[in-house]
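Numbering (this note's numbering), first residue to last: 127 to 309. Report on the following structure.
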């Protein structure tokens, strides 16, 4: 009977040592890997941004998701609308799209899927499938097809470089231009 007790103790001790074996790098990564789920989800969002007490932007989005892993980003999905205001509180431009990705760490705003920008002051309209806004360098770019409608002409082509006000823009590969009075 004494030997049975020693045998049980030996077996338990053996399992304990086997359980303490060093883990592989893959096992450690698997256990320590953070979730890739959003840390916050807002449905039917109505968000105002302000600077020094003045509203600068108003965003309407069916879905906003904040992620912290692997990157600190915010994803907006659905039929999005963004109003941008001047210092007098007047809407100066309106943006529509179906997908937006905000990367605050790198200062990049990525707009995709049926992007429309209306510059109310200049009465200029921009249409594309993608616009990238670099908030640090104050530029907007695209590599996709773009169509620009002004009061006197319609121009189109591939790629865009512009200031963030969309006042000084250049189509990288122009493909056509029609003056409205020619129609």
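Ideal Cβ placement from N, Cα and C applies to all residues, glycine included.
Buried or exposed by the 16-neighbour rule on C-beta atoms within 10 Å, applied to residue 252: For the purposes of this step, residue 252 is taken as the residue at position 126 of the chain shown. It counts as buried.
query: What are the residues that DSSP puts in a beta bridge with residue 243?
result: Indexing the chain shown from 1 puts residue 243 at position 117. Answer is 221 and 252.
- prompt: Where does the unbroken beta strand (DSSP E) through residue 169 begin, and where does it stop?
  reply: Your numbering for residue 169 matches position 43 in the chain shown. First-last of the beta strand (DSSP E) with residue 169: 166 to 177.
- prompt: Does the region 208 to 217 come close enough to the region 228 to 236 to have 3 or more Cβ pairs within less than 8 Å?
  reply: no
query: So, helix, strand or coil for residue 197, using DSSP?
result: To locate residue 197, count along the chain shown from 1; it is residue 71. Coil.
- prompt: Less than 8 Å separating the beta-carbons of residue 287 and residue 269?
  reply: Position 161 of the chain shown, counting from 1, holds the residue named residue 287. Position 143 of the chain shown, counting from 1, holds the residue named residue 269. Contact flag unset, no.
field: Where residue 263 sits in the DSSP three-state scheme
entry: To locate residue 263, count along the chain shown from 1; it is residue 137. Looking at residue 263 - three-state DSSP - the assignment turns out to be coil, as it is neither helix nor strand.
message: Excluding the 5 residues flanking residue 249 on each side, which residues of the same chain have their C-beta closer than 8 Å to its C-beta?
response: Locating residue 249 in the chain shown gives position 123, where the first residue counts as 1. Answer for residue 249: 276 and 277, listed in chain order.
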